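In the numbering used here, the protein residues as written are 721 to 1206. In this text, a Cβ means the ideal position worked out from N, Cα and C, and glycines have one as well. Note that the structure is a prediction, hence the values are computed from the model and not measured. Comments concern the structure below.
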Amino acid sequence: MLRQLSITLATVALLVGITYAPASAAAKEPAKKPATAVLAGDFGPPQGKPVEEKLVPPPGVPAPIHRNYPARVIVRMETREVVKEIADGVRYDFWTFNGSTPGPLIRVREGDTVELHLRNAPDSHMAHNIDLHAVMGPGGGAVSTITPPGHESVFTFKALRAGVFVYHCATAPVPMHIANGMYGLIVVEPPEGLPKVDHEYYVMQGDFYTTGSYHQPGLQSFDMQKMLDEQPTYVLFNGREGSLTGDHALKSSVGDTVRLFVGNGGPNLVSSFHVIGAIFDDANVEGGTLVNHHVQTTLVPAGGATMVELRTPVPGTLLLVDHSITRAFMKGALGQISVSGPLQPAIYEKGPSTTFASKTARPVQQSVALSVGDKAADGKRVFTQICSACHQGNAMGLPGAFPPLAMSDYLNADPKRAISIVLHGLSGKITVNSTGYESVMPALGPQLSDDEIANVLTYVLNNFNNKGGTISASEVRAVRAAGPAK
721 MLRQLSITLA TVALLVGITY APASAAAKEP AKKPATAVLA GDFGPPQGKP VEEKLVPPPG
781 VPAPIHRNYP ARVIVRMETR EVVKEIADGV RYDFWTFNGS TPGPLIRVRE GDTVELHLRN
841 APDSHMAHNI DLHAVMGPGG GAVSTITPPG HESVFTFKAL RAGVFVYHCA TAPVPMHIAN
901 GMYGLIVVEP PEGLPKVDHE YYVMQGDFYT TGSYHQPGLQ SFDMQKMLDE QPTYVLFNGR
961 EGSLTGDHAL KSSVGDTVRL FVGNGGPNLV SSFHVIGAIF DDANVEGGTL VNHHVQTTLV
1021 PAGGATMVEL RTPVPGTLLL VDHSITRAFM KGALGQISVS GPLQPAIYEK GPSTTFASKT
1081 ARPVQQSVAL SVGDKAADGK RVFTQICSAC HQGNAMGLPG AFPPLAMSDY LNADPKRAIS
1141 IVLHGLSGKI TVNSTGYESV MPALGPQLSD DEIANVLTYV LNNFNNKGGT ISASEVRAVR
1201 AAGPAK
């Protein structure tokens, strides 16, 4: 009877297009395992020998990838807690990947399998880990890499999406680890690679919170309250004021194309990234594959990135800034691209200038060195970083806008008055060299130390054809204590 019923059910099943199997037969079939998920960006298992990623310190980047197949890429990183200068004469206890802020840029190809080794130096005081925004998995790898001092963690992930991504430490308290410098970028190239350019550089912004004020010398510690209030002492490119200026400026030549991988570690501020004197021909919106063209300023959120390309058609110096501009000139977010090569007058040419001066004006003399070397160097540094933005590098000011400091009868008549102006600011009409000016001088007292104000005033008095003289830190201290004139 049961056999006949089974035959009948099987016949009906065939007629309606389904498969029927007796319970006894089904019980003997092994359960099938679910197939491995195949996602966009997955080009199969790694091929060839494993590739050891060659990491380089910023602003350098690893070489472009020329493979046309997915590989197993081995990345070795170490978290280190190191004391380094955050500005001239100012030291800070950085927490880093591989000893630098930002950590090294990691470069892989879409579809690569990344084997990441994270060591924590034995002399570290904290456990650290890594969260890579290029990872599709729990915590971006953070849950698999919590590493005590003297230990190593390893995890693997497949890079499934092309783009420019941030990585950072995600050990509690996360904002503190990031604020101390634990962040970097990972670039996942598309399978076809990136277009060839002449130069590639790596720039990453971060906000820093020190117990001391801006430029206060000595070893500074982390200020939790400033971070909670989102009031950074410094806003910097690549972890140090001056890291991309002067001898450390990025280099290019006339006619070159420059690619910048730009990130923002935060932990709090959004960057308005801009290069003064350039236009971004291409800007990858938020580090993704959407490309915008002919961009002047691009927003880079905390924990975000972009990739921009620009041409350098004429020689000169281009300025990298956060165009929330006080951060550039008052907190340190300033870099340079030095472009060498022949003049291109068809593209850019400076015309003749006319000087509006009093009858008693004399030719500007070249700056001379002060007798006290350290004092002169510090004063010149402050003048170059702050004062020259308005008063110009030759201290001649701008007609109708900013009064001259060179050959200034107003300054030379009462140098001590200048202390109060720098400390507390000045607004209203003044007359300098027989010319009236009505503009606002911001108060720099909250930003500059007594020594810095004394040194910059001494530098100006002894240069630019002024009459000379010395301002001491004790004089500045007394004016600061007295407060603004009533």
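Which same chain residues, not among the five before or five after residue 1199, have their C-beta less than 7 Å away from its C-beta?
-> Within the same chain, and ignoring the five residues on either side of residue 1199 in sequence, the residues whose Cβ sits closer than 7 Å to its Cβ are 1139, 1140 and 1143.
Per DSSP, which residues does residue 1002 bridge with? Please list them.
-> For residue 1002, the beta-bridge partners assigned by DSSP are 1013 and 1029.
To the nearest angstrom, report how far apart residue 908 and residue 879 are at their CA atoms.
-> One alpha carbon belongs to residue 908, the other to residue 879, and they sit about 7 Å apart.
Residues that DSSP places opposite residue 1070 in a beta bridge = Beta-bridge partners of residue 1070 (DSSP): none assigned.
Following the continuous alpha helix (DSSP H) through residue 1191, name the residue where it begins and the one where it ends.
-> Under the DSSP assignment, residue 1191 falls outside any alpha helix (DSSP H); it carries neither an H nor an E label.
What do you get for residue 1137, buried or exposed, if any count of 16 or more other CB atoms within 10 angstroms of its CB means buried?
-> Counting every other CB atom within 10 Å of its CB across the protein chains shown gives residue 1137 a total below 16, marking it as exposed.
Anyone know if the C-beta pair for residue 1034 and residue 1056 falls short of 9 Å?
-> In this structure, residue 1056 does not lie closer than 9 Å to residue 1034 by Cβ.
Apart from the five residues just before and just after residue 1190, which ones in its own chain have a Cβ nearer than 6 Å to its Cβ?
-> 1178, listed in sequence order.
Contact belief for residue 1186 with residue 1132 at Cβ below 8 Å, rounded distance in angstroms = Contact holds; Cβ gap of about 6 Å.
Limits of the alpha helix (DSSP H) - the one that residue 1174 falls within | For residue 1174, the enclosing alpha helix (DSSP H) stretches over residues 1170-1181.
Going along the chain, which residues of its own chain have a beta-carbon closer than 6 Å to the beta-carbon of residue 812, five neighbours each way excluded?
-> Short of 6 Å from the beta carbon of residue 812, and not among the five residues preceding or following it, lie these beta carbons of its own chain, in chain order: 806 and 940.
Is it a yes or a no for the segment 926-938 touching the segment 893-901, going by three-plus beta-carbon pairs under 8 Å?
-> The segment 926-938, when compared against the segment 893-901, does touch it at the 8 Å Cβ threshold.
Kindly list the residues whose CB is nearer than 6 Å to the CB of residue 1068, restricted to its own chain and excluding five residues on each side of it in sequence; keep chain order.
-> Counting only Cβ-Cβ distances below 6 Å, and skipping sequence neighbours, we find 1034.
Segments of 4+ residues assigned as alpha helix (DSSP H) that fall wholly inside the segment 890-916 = Scanning the segment 890-916 for uninterrupted alpha helix (DSSP H) segments of 4 residues or longer gives 894-899, listed from N- to C-terminal end.
Could you round the C-beta distance between residue 816 and residue 800 to whole angstroms and report it? I think they count as a contact, below 8 Å.
-> Residue 816 to residue 800, Cβ: 5 Å. Contact.
In whole angstroms, what separates the C-alpha of residue 968 from that of residue 962?
-> Between the alpha carbons of residue 968 and residue 962 lies a gap of roughly 8 Å.
Going by other Cβ atoms of all chains shown within 10 Å of its Cβ, with 16 needed for buried, is residue 872 buried or exposed?
-> Looking at its Cβ environment, which holds fewer than 16 other Cβ atoms inside 10 Å, residue 872 is exposed.
From which residue to which residue does the beta strand (DSSP E) around residue 979 run?
-> From DSSP, the beta strand (DSSP E) with residue 979 extends over 976-986.
Run through DSSP, which three-state label would residue 880 get?
-> Reduced to three states, the DSSP call for residue 880 is coil.
Does the separation of the CB atoms of residue 1207 and residue 792 fall below 9 Å?
-> Coverage of the chain is limited to positions 721 through 1206, which leaves residue 1207 absent and any answer about it impossible.
Looking at the unbroken beta strand (DSSP E) that takes in residue 807, where does it start and where does it end?
-> Start and end: 792-807.
As assigned by DSSP and simplified to three states, the class of residue 741 = In this prediction, residue 741 scores a pLDDT of 44, lower than 50, which makes its location untrustworthy; the coordinate-derived value is nonetheless stated afterwards. Residue 741: coil per DSSP, three-state reduction.
Between the segment 911-920 and the segment 978-986, do three or more beta carbon pairs fall short of 8 Å?
-> Using a Cβ-Cβ distance cut-off of 8 Å, the segment 911-920 and the segment 978-986 are in contact, since at least three pairs of beta carbons, one from each stretch, lie closer than that value.
Could you tell me whether the Cβ atoms of residue 1032 and residue 910 are closer together than 9 Å?
-> No, these two residues do not count as a Cβ contact at 9 Å.
Return the chain-ordered list of same chain residues with a C-beta closer than 7 Å to the C-beta of residue 992, the five sequence neighbours on each side being excluded.
-> So the list reads 1017, 1019, 1042, 1043 and 1044, once near-sequence residues are dropped.
Going along the chain, which residues of its own chain have a beta-carbon closer than 6 Å to the beta-carbon of residue 1111, five neighbours each way excluded?
-> Excluding residues within five positions, the ones whose Cβ falls inside 6 Å are 1117, 1122 and 1125.
Using the Cα positions of residue 777 and residue 960, report the straight-line distance between them to the nearest angstrom.
-> Looking at the two C-alpha atoms, the distance is approximately 14 Å.
Residue ranges of each alpha helix (DSSP H) within the segment 930-964, 4 or longer = Correct list: 944-948.
Taking just the CA atoms, how far does residue 1127 sit from residue 1114?
-> Approximately 11 Å between the Cα atoms of the pair.
Within its chain, find whatever has a CB closer than 6 Å to the CB of residue 1193; leave out the 5 residues flanking it on each side and keep chain order.
-> Cβ neighbours of residue 1193 beyond the five flanking positions: 1170, 1171 and 1174.
Can you have a look at residue 945 and say buried or exposed, based on whether 16 or more other CB atoms are within 10 angstroms of its CB?
-> Exposed, because fewer than 16 other Cβ atoms sit within 10 Å of the Cβ of residue 945.
For residue 813, the first and last residue of its enclosing beta strand (DSSP E) | Element bounds for residue 813: 810-817.
Indicate the three-state DSSP secondary structure (helix, strand or coil) for residue 825 in the structure shown.
-> Reduced to three states, the DSSP call for residue 825 is coil.
How should residue 965 be labelled, buried or exposed, when 16 other C-beta atoms within 10 angstroms of its C-beta is the threshold for buried?
-> By the 10 Å Cβ count, residue 965 comes out buried.
Run of the beta strand (DSSP E) containing residue 924, from where it starts to where it stops = Where residue 924 is concerned, the enclosing beta strand (DSSP E) starts and stops at 919-928.
Run through DSSP, which three-state label would residue 845 get?
-> It is coil, neither helix nor strand.
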